[in-house]
Amino acid sequence: QTCALPISRRTHTAVLGGGALGLTLALRLAQRGEPVTLFEREHEPGGLAAGFRPAPELPGGGPYLDRFYHHLFRSDTAILALIEEMGLSPQVRWDSPKNMVLWQGKFWQPYSAAGLLRFPPLPLMDRVRMGAVLAFLKACPNERPFEGHTAAQWLRRAMGARGFGILWEPLLRAKFGARADDIAMSWFWSRIHCRSFSLGYLDPGHQALYDRMVAEITRLGGTVRLGTAVDEARLVGEASAGSRWSVAWRDGTGVTGTSRFDRVASTLPVRVGARIIKGLPSEWVARHDWGDAFGAHCLVLALDKPLLPHGAYWLNVNDPGYPFLVVVEHTNYAPATMYGGRHLVYLGNYHPMDHPLFGRDIDSVKAEFLPALARVVPGFDTSWVRESWMFGAPYAQPIVTREYAARIPPRRGPLPGLWIGSMFQVYPQDRGQNYSVALANRLAIEMATDAPGRQA
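Residues -16 to 439 (the working numbering) make up the sequence shown, in order.
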């Protein structure tokens, strides 16, 4: 994965953002001997895949748990190669846990061919029709046949109104709300085509991977500044004058500073980067500072006993009237013994970033969510809850519309020495650790051939 291409001189790069994309890019630059400084406003690396320790009484503080549920697919070759490179492959757990749906108050398992055929809420011919459509999406090699179509229109026509209305429309509406009818069919194709039934999880938590990457970047001579926000990055002077970028930053203790770099690589959401990076051409901003994204919200519960029946790992909540769209019982996948006997459950949501949920305290959220959970699982009692945590993150779920592809920014930025690496660029995928790592690998190779001062 290293980039052994020649460079004309030791180019000092500022990498903005310490998620999977920024960390991988910084690692690749450091591996070929380039000075690199990574800035991350949070105190932990890893972005949305950062974790916390739910069982701190265990030796070494116990394993991490991701703040927002993550898993790996067999097709995630880029991140699996990175995990191997960092020496963590023996700690990846592989299994095929049960994915289910709540429909009309009952649990069903329609997400496999056999399960779909045994799904009586749909007539047999509708089940066969839906299976044929999903097989077609799995076999179709790229998203091009679906360009220009919305998922709602295409799926309703292909699967029929009943099949779409029972299994897929509720998911689109729960996840995207008022934007559900705008979501591109190319996005839906990627969700079916690129995923496997076999799931992987890094037992010490994905935080362990990103901590190890920080250590490796530092060992190679790079600098990782956690807990340090970048206020602005500005192009100064001419290319021949040496350091050409001024980056103003502040850390969590109130210390501020300005550092000079030869180039800047922003791995922030495009809308965030467009506000931090000064002097962007108005034409570029008009075209690429565009689109919407939802934030992610998770209430995480530690219970005294298992929650979901049938050993379900993932439960899509297709019935209306619930304040969460998914229930993920992590310890129906990884054993509860890893976490001191705690049974760990996520209650997940995506919402517009101005949604009131993001401003509420954990007690008020639990007061709403726990009675709803008792409707999902009759017999659940709030006395089962041993501990709870709550996390929110902005820009977690891009709204991938039919116009999305035309707005993707090029990786070479519009200013000398500026590079853009964003989740916006992994279309038709919309997010994911694997696609972040793959994009960072490509970006590092392109940057290796970048002559200092070359205009975008």
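Ideal Cβ placement from N, Cα and C applies to all residues, glycine included. What you are looking at is a predicted structure, and each value in this text was computed from that prediction instead of being measured.
Select from H334, W228, P292, V328 the residue whose C-alpha is nearest the C-alpha of A279. H334
For the segment 148 to 165 and the segment 311 to 323, state whether three or more C-beta atom pairs, one from each stretch, are separated by less than 8 Å. no
How long is the line joining the alpha carbons of G0 and S169, rounded to whole angstroms? 28 Å
Residues near R178 in its chain [Cβ-Cβ closer than 8 Å; skip 5 each side]: F56, S58
Starting from the Cα of R110, find the closest Cα among W137, S95, K121 and give me that residue. S95
Straight-line CA distance for D272 to A257? 7 Å
Judging by CA-CA distance, which residue of R112, A134, E126 is the nearest neighbour of G143? R112
Secondary structure of Q190, DSSP reduced to three states: helix
If contacts are defined as beta-carbon pairs under 8 Å, then M83 and A355 qualify, I think. What distance do you get, rounded to the angstrom? About 17 Å; that fails the 8 Å criterion.
Pick helix, strand or coil for M69, following the three-state DSSP scheme. coil
Could you work out which residue in E130, V230, G16 is closest to R385 when comparing CA atoms only? E130
Can you check which of these residues, W86, R369, A269, is closest to I391 by C-alpha distance? A269
Look at the alpha carbon of A(-3) and the alpha carbon of R395, and state the distance between them as a whole number of angstroms. 15 Å
Considering Cα atoms alone, identify which of Q416, D433, L117, F363 is closest to T7. Q416
For the structure I just gave you, are there three or more beta carbon pairs, one from the segment 246 to 262 and one from the segment 298 to 309, closer than 8 Å? no
May I ask which residues mark the beginning and end of the alpha helix (DSSP H) holding A134? 134 to 142
C-alpha gap between E455 and T(-6), whole angstroms: The displayed coordinates of the chain run from -16 to 439. Any statement about residue 455 would go beyond what the structure contains.
For E68 and D104, the rounded distance between their alpha carbons: The identity of residue 104 in the sequence shown is Pro, whereas the question assumes Asp. So the two alpha carbons sit approximately 47 Å from each other.
Let's see if you can read the secondary structure: which residues bound the alpha helix (DSSP H) around G422? Note that residue 422 corresponds to Leu in the displayed sequence, not to Gly. That run of the alpha helix (DSSP H) goes 416 to 431.
Taking the straight line between their C-alpha atoms, what separation do you get for R217 and K81? 50 Å
So for V360, helix, strand or coil by DSSP? coil
Could you tell me whether the Cβ atoms of L185 and V300 are closer together than 7 Å? no
For W372, the three-state DSSP class (helix, strand or coil): strand
Considering only C-alpha positions, which residue in the set M321, P377, A118 is nearest to H338? P377
Sorted by chain position, which residues of the same chain lie with C-beta nearer than 7 Å to F102's C-beta, five sequence neighbours on each side aside? W91, P93, R110
Close-in-space but distant-in-sequence residues of the same chain around P397 (CB under 7 Å, 5 per side omitted): L263, P264, W267, A439
Those residues which DSSP pairs with K89 across a bridge: W86
Would DSSP call W77 helix, strand or coil? strand
Excluding the 5 residues preceding and the 5 following M132 in the sequence, name in chain order all residues of the same chain whose CB lies nearer than 6 Å to its CB. The sequence given here places His at residue 132; Met does not occur at that position. Correct list, in chain order: M168.
Should D364 go down as buried or exposed, given a rule of 16 or more other Cβ atoms within 10 Å for buried? exposed
Please report the distance separating the alpha-carbon of A389 from that of W367. 49 Å
Are the beta-carbon atoms of A9 and G204 separated by less than 7 Å? no
Tell me which same chain residues have a C-beta within less than 7 Å of the C-beta of L120, skipping the five on either side of it? W172, I175, H176
Residues near A379 in its chain [Cβ-Cβ closer than 8 Å; skip 5 each side]: L31, F51, A276, F277, G278, A279, Y333, R414
Could you check whether the segment 185 to 203 touches the segment 39 to 50, counting it as contact only if at least three pairs of C-beta atoms, one from each stretch, sit closer than 8 Å? yes
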